[in-house]
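Contents: one structure, followed by commentary.
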Amino acid sequence: MEAIDLHAEAWGGIRNSYESGRLAHAYIIVGSPRGNALAFAESFLKLLHCESVEKPCNECKNCRLIESHKYVDTLWIEPKSKSRQILADDIRGLIRRMSQTSFDGGWKAAVIVAADCMNSNSENALLKTLEEPPPKSVLLLLTDSPQALLPTIISRCQKIVLSDVQTGAEGELWHAPLMEILGELPPADGLGASRLAGKLKVLLDVVKSEIADAVEEEFGSTDEALDESKLKEILDARTNARLKEVQADVFRIMLDWHRDILILVSKVSDKHLLFPANRSVLAKQANEHTQVSALQAIQRVEDMAMRFNLNIPAAQIFDEAFRKLVIGS
Ligand SMILES: [Zn+2]
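Here the sequence shown stands for residues 41 to 369, where the numbers follow the numbering used here.
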């Protein structure tokens, strides 16, 4: 299936903006930088340059040139294989070419593959273009780790999240163990709280080592001698960026779980439940709660997520948070 069929909603938005002449100057496409995000970017560029009435046709000369990344008014940049970084010089070269007029008088475009591999010099160089984009130009940043980009870059781009990245939680290995932990809430006492906190800590440790292995496999194989500490630094940064995403998902699920408890305690219609399949477990837990304690539990999960962004050890955060989830604590 084509990327644009798989992501029909995102594609519809782009098509509308294009047809009404309201394309943004820069987009962050969140997805696999060599998979769905790349395919989506190619379709985007074909839309700008396709010679047929039904765009993109995938068959005209321009569509084919774009697909082989040889179209003259489109620039592709990706990390240098040696350093696995996108260097500031490459960005500056890109900016120069973006400001020249296009060959066919149409759109100029640049695609940065794995944009999170930009170092801070590259990001700062890019910021200047984002502040004053040349007319009729569009910049596409492809990444699976948007949180690794400077906030000032993110704020100047329109974000397109390709759906199979966003809704993958149920398919993740950590999902079932997490639901098991949630099923044991609320803890009966301090001891029970510590036990559940320990389980969550172990789960996230396992997730981290799995992510580290995957990152190592994807980016760690070097054919040339590379400074080992530099490589480790890059791998660690990518691992942490992905881990952060999982952690955000975990907290979101914990929050949604407690919202469901509040819904049941408040006797609001069941149709608002986010975990209808777990209704019987949720109802049992709701029986132990009052509206006040259910609201407090939501607050405490929110606090836990917030403290996680400070530099407090996870074990301590979880232990304290689960103790506060003991009803009447
Ligand atoms: Zn075409």
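All C-beta atoms, glycine included, are put in the ideal place defined by N, C-alpha and C.
message: I need the boundaries of the alpha helix (DSSP H) containing Gln325, first residue and last residue.
response: Segment 319–328, the alpha helix (DSSP H) holding Gln325.
Where the alpha helix (DSSP H) through Tyr111 begins and ends: In the DSSP assignment, Tyr111 falls outside any alpha helix (DSSP H), carrying neither H nor E.
Residues with C-beta closer than 7 Å to any heavy atom of ligand 1, in chain order: Having a Cβ closer than 7 Å to some heavy atom of ligand 1 are Lys86, Cys90, Glu91, Ser92, Lys95, Pro96, Cys97, Asn98, Glu99, Cys100, Asn102, Cys103.
message: Using C-beta distances below 7 Å, list every residue in its chain close to Leu240, excluding the 5 sequence neighbours before and after it, in chain order.
response: Once the five neighbours on either side are set aside, the close Cβ partners of Leu240 are Ile221, Phe358.
field: Burial state of His312, where buried means 16 or more other Cβ atoms lie within 10 Å
entry: By the neighbour-count definition (other C-beta atoms within 10 Å, threshold 16), His312 is an exposed residue.
message: So within the region 191–262, which uninterrupted alpha helix (DSSP H) runs reach at least 4 residues, ignoring any that extend past its ends?
response: Residue ranges of uninterrupted alpha helix (DSSP H) with 4 or more members, entirely inside the region 191–262 and ordered along the chain, are 191–195, 203–206, 215–223, 230–259.
message: Would the region 322–335 count as touching the region 276–285 if we require 3 or more Cβ pairs under 8 Å?
response: No: fewer than three Cβ pairs fall under 8 Å.
query: Quick one: what's got a C-beta closer than 6 Å to Pro217's C-beta in the same chain, skipping five residues either side?
result: Closer than 6 Å at the Cβ level, and outside the excluded window around Pro217, lie Leu243.
Inter-residue Cα distance where the pair is Asn56 and Lys176: Their backbone Cα atoms lie some 17 Å apart in a straight line.
query: Among Arg235, Asp229, Ala77, Lys248, which has the Cα closest to the Cα of Trp214?
result: Among Arg235, Asp229, Ala77, Lys248, the Cα nearest to that of Trp214 belongs to Lys248.
field: Bridge-paired residues (DSSP) for Leu78
entry: Leu78 pairs with nothing; no bridge assigned.
- prompt: With 16 other CB atoms within 10 Å as the buried threshold, where does Val341 fall?
  reply: Buried is the call here.
task: Go ahead and pull the three-state DSSP assignment for Val305.
output: Residue state, collapsed to three classes: helix.
task: Return the Cβ separation of His89 and Trp51 in integer angstroms, given the expectation that the two are a contact with Cβ distance under 8 Å.
output: Taking C-beta atoms under 8 Å as the contact rule, His89 and Trp51 fail to qualify, at a distance of about 16 Å.
field: Span of the beta strand (DSSP E), counted from its first residue to its last, around Val151
entry: Start and end: 148–152.
- request: Could you give the DSSP three-state label for Ile68: helix, strand or coil?
  value: Here Ile68 sits in strand by DSSP.
task: Figure out for me which residue from Ser121, Ile135, Pro226, His47 has the closest Cα to the Cα of Tyr333.
output: Per the sequence shown, the amino acid found at residue 333 is Ser instead of Tyr. Taking only the C-alpha atoms, the option nearest Ser333 is Pro226.
field: Beta-carbon proximity of Ala154 to Leu182, cut-off 8 Å
entry: In this structure, Leu182 lies closer than 8 Å to Ala154 by Cβ.
- prompt: First and last residue of the beta strand (DSSP E) that includes Val178?
  reply: 177–183 is the span of the beta strand (DSSP E), which, as asked, contains Val178.
task: Could you tell me which of Ala345, Leu236, Val246, Ile338 sits nearest to Val290, measuring between CA atoms?
output: Nearest C-alpha to Val290: Ala345.
- request: Would you check if there are 3 or more beta carbon pairs closer than 8 Å linking the region 155–162 to the region 117–135?
  value: Flag = yes, the region 155–162 and the region 117–135 touch.
message: Considering only the alpha carbon of each residue, which of Leu166, Leu180, Ile200 lies closest to Thr192?
response: Residue Leu166 is the option with its Cα nearest to Thr192.
message: Once DSSP output is grouped into helix, strand and coil, what is the label at Ile126?
response: Residue state, collapsed to three classes: strand.
message: For Met158, list the residues DSSP reports as bridge partners.
response: DSSP lists Ile126 as partners of Met158.
- request: Alpha carbon to alpha carbon, how far is Gln140 from Glu107? Give it in angstroms, no decimals.
  value: Their Cα atoms are separated by approximately 23 Å.
- prompt: What number of angstroms, rounded off, separates the C-alpha of Asp204 from the C-alpha of Ile68?
  reply: Model confidence at Asp204 stands at a pLDDT of 48, short of 50, so the residue's coordinates are unreliable; what they give is reported in the following sentence. Between Asp204 and Ile68, the C-alpha separation is close to 16 Å.
- prompt: By a C-beta neighbour count over all protein chains shown, 10 Å radius and 16 as the cutoff for buried, is Pro316 buried or exposed?
  reply: Answer is exposed; the Cβ neighbour count stays below 16.
message: On the criterion of 16 or more Cβ atoms from any shown chain inside 10 Å, does Val178 qualify as buried, or is it exposed?
response: Of the residues assessed, Val178 falls on the buried side of the cut-off, its CB having 16 or more other CB atoms within 10 angstroms.
- prompt: Alpha carbon to alpha carbon, how far is Ile293 from Ile117?
  reply: Cα-Cα distance, rounded: 36 Å.
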